[in-house]
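Here's the structure we're looking at; comments come further down.
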Amino acid sequence: MKFPRRVFGLALAAVTAVGLGLPASAQDQSVIETIKQDGVIRIGLSLFVPWSMRDKNGDLIGYELDVGRQLAEDMGVEVEFVPTAWDGIIPALVSGNFDVIISGMSYTPQRNLTVNFSNPYAFTGLAILANKEMTAGMSLEDMNSPDVTFAARRGATPAVVIAENFPKANLLLFDEDGASTQEVLNGNAHATMASQPTPNREAGRNPEVLTVVEGDLFDPRGEGFVMRKGDPDALNYFNNWIAQQWRTGWLEERHNYWFATEEWADQVAQ
Numbered sequence: 000m001k002f003p004r005r006v007f008g009l010a011l012a013a014v015t016a017v018g019l020g021l022p023a024s025a026q027d028q029s030v031i032e033t034i035k036q037d038g039v040i041r042i043g044l045s046l047f048v049p050w051s052m053r054d055k056n057g058d059l060i061g062y063e064l065d066v067g068r069q070l071a072e073d074m075g076v077e078v079e080f081v082p083t084a085w086d087g088i089i090p091a092l093v094s095g096n097f098d099v100i101i102s103g104m105s106y107t108p109q110r111n112l113t114v115n116f117s118n119p120y121a122f123t124g125l126a127i128l129a130n131k132e133m134t135a136g137m138s139l140e141d142m143n144s145p146d147v148t149f150a151a152r153r154g155a156t157p158a159v160v161i162a163e164n165f166p167k168a169n170l171l172l173f174d175e176d177g178a179s180t181q182e183v184l185n186g187n188a189h190a191t192m193a194s195q196p197t198p199n200r201e202a203g204r205n206p207e208v209l210t211v212v213e214g215d216l217f218d219p220r221g222e223g224f225v226m227r228k229g230d231p232d233a234l235n236y237f238n239n240w241i242a243q244q245w246r247t248g249w250l251e252e253r254h255n256y257w258f259a260t261e262e263w264a265d266q267v268a269q
C-alpha cells in the first residue's frame, strides 16, 4: 500500500500552512545548540503500535524510532528516547524533560497554542473499529446514541473526534492505547477509533469479532515534530531535515514498511 503522490507532495508544500511566522519571543539558546553541546537528542514519545513499541527483548522499535535514530545520526549525536504518557507529553516537553516530541502527534489548534509543529513527516486518518455483533446493522448515525459506548485513550485525538462526531454516545477513557481495543473485543464497548493501519490490522487479527466501519477517514491530517515555542532555529532545522527525507524517499519507504506491511510483526509479542 502506498499513499498517493499528491499526499507526499503536501509534505514539501506544507510550510505554507504550518508555522512560517516566527514565535513572539525567542529563547536564549536554540535547542539545536543544546543538542550539539550535549551530544545527545532527547526524544519524547508515547508507545502505540506501530509508531513506537517494545519488541520481545524489551527494545524500542517502530516508525518513530527509525525517524529519531536517523535524525540523531544526521545530527552527529546520540539519541535518548523518553517514553511518556500521552496525556502528559506536551507538559513534559514544555518543562524541558526532552528536546522534541516525535510520536505521531497531529496538528490541532489547541495544541498549537502551547507548542510549535514542524512540517508533516507522516499523514494519517482515523477509522472506527467495531464489535461485529454489537454493531450489526448500525449506520454511523445509529452509533450517535446513548445506547452506544465508545472506548478511547485518554488525551488522544480519537477521544476528541469521537466526542465531536458522536456526542450522544458514552465514552470510556483509558490510559493505554490497547485497552480500548480490548474493551471492544470483550464486548464492553461497541467501538473504538484509531489511526490507520491499526484498525485494519486488529480486524485482520480478530475477524470473527472485529470489523472496520466503512467510509471516509475521520480527521485526516499531518503529523509533525513538536517543539517548544520561541525557537525558530529548531523549527528551521527540523523542517529542512523532513523535506530532505521526503525528497530522497526515505520517509515514504520507512512509513510503508511499518504501516503497509507486517514484516516486523514477529518481533513483537502478540
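Oh and the sequence shown: position 131 is 130 in numbering that gives the first Met the number 0, straight run, nothing missing.
Cβ atoms here follow ideal geometry from the backbone N, Cα and C, with glycine treated the same way.
Select from the options the residue whose C-alpha is nearest the C-alpha of residue i.
{"i": "residue 146", "options": "104, 263, 175 and 189", "result": "189"}
{"i": "residue 136", "options": "212, 194 and 266", "result": "212"}
{"i": "residue 38", "options": "194, 168 and 72", "result": "72"}
{"i": "residue 126", "options": "229, 216 and 33", "result": "216"}
{"i": "residue 237", "options": "164, 198, 225 and 167", "result": "225"}
{"i": "residue 246", "options": "101, 120, 232 and 103", "result": "120"}
{"i": "residue 264", "options": "30, 114, 31 and 52", "result": "52"}
{"i": "residue 115", "options": "66, 223, 95 and 203", "result": "223"}
Please tell me whether residue i and residue j are closer than 8 Å, where the distance is taken between their beta carbons.
{"i": "residue 55", "j": "residue 266", "result": "yes"}
{"i": "residue 49", "j": "residue 62", "result": "yes"}
{"i": "residue 42", "j": "residue 98", "result": "yes"}
{"i": "residue 117", "j": "residue 250", "result": "no"}
Using three-state DSSP, classify residue i as helix, strand or coil.
{"i": "residue 260", "result": "coil"}
{"i": "residue 113", "result": "coil"}
{"i": "residue 137", "result": "coil"}
{"i": "residue 209", "result": "strand"}
{"i": "residue 122", "result": "strand"}
{"i": "residue 86", "result": "helix"}
{"i": "residue 237", "result": "helix"}
{"i": "residue 99", "result": "strand"}
{"i": "residue 74", "result": "helix"}
{"i": "residue 179", "result": "helix"}
{"i": "residue 188", "result": "coil"}
{"i": "residue 20", "result": "Here the model assigns residue 20 a pLDDT of 41, short of 50, so the residue's position is not dependable, and the following value carries that caveat. Of the three classes helix, strand and coil, the one that applies to residue 20 here is coil, per DSSP."}
{"i": "residue 216", "result": "coil"}
{"i": "residue 153", "result": "coil"}
{"i": "residue 222", "result": "strand"}
{"i": "residue 25", "result": "Since pLDDT at residue 25 reaches only 43, below the 50 mark, its modelled position is unreliable, and the value read off the structure follows with that caveat. Three-state DSSP puts residue 25 in coil, outside helix and strand."}
{"i": "residue 255", "result": "helix"}
{"i": "residue 3", "result": "Residue confidence is low: residue 3 scores 43 on pLDDT, short of 50, so the model does not pin down where it sits. No coordinate-derived value is stated."}
Tell me which residue opens and which closes the alpha helix (DSSP H) that residue i is part of.
{"i": "residue 230", "result": "Where residue 230 is concerned, there is no enclosing alpha helix (DSSP H), given that its DSSP letter is neither H nor E."}
{"i": "residue 158", "result": "156-164"}
{"i": "residue 200", "result": "197-204"}
Counting only the same chain and skipping the five closest in sequence on each side, list residues whose C-beta sits under 8 Å from that of residue i.
{"i": "residue 131", "result": "207, 208, 209 and 210"}
{"i": "residue 76", "result": "34, 35, 37, 38, 39 and 40"}
Which stretch, first to last residue, makes up the beta strand (DSSP E) that contains residue i?
{"i": "residue 170", "result": "169-173"}
{"i": "residue 81", "result": "77-82"}
{"i": "residue 39", "result": "39-44"}
Can you name, in chain order, every residue of its own chain whose Cβ lies under 7 Å from the Cβ of residue i, other than the five neighbours on each side?
{"i": "residue 155", "result": "85"}
{"i": "residue 151", "result": "157, 158, 161, 170, 172, 179, 191 and 192"}
{"i": "residue 148", "result": "168, 169, 171, 188 and 189"}
{"i": "residue 205", "result": "184"}
{"i": "residue 74", "result": "34 and 40"}
Considering only residues of the same chain and omitting the five flanking positions on each side of residue i, which have a CB-CB separation below 6 Å?
{"i": "residue 196", "result": "258"}
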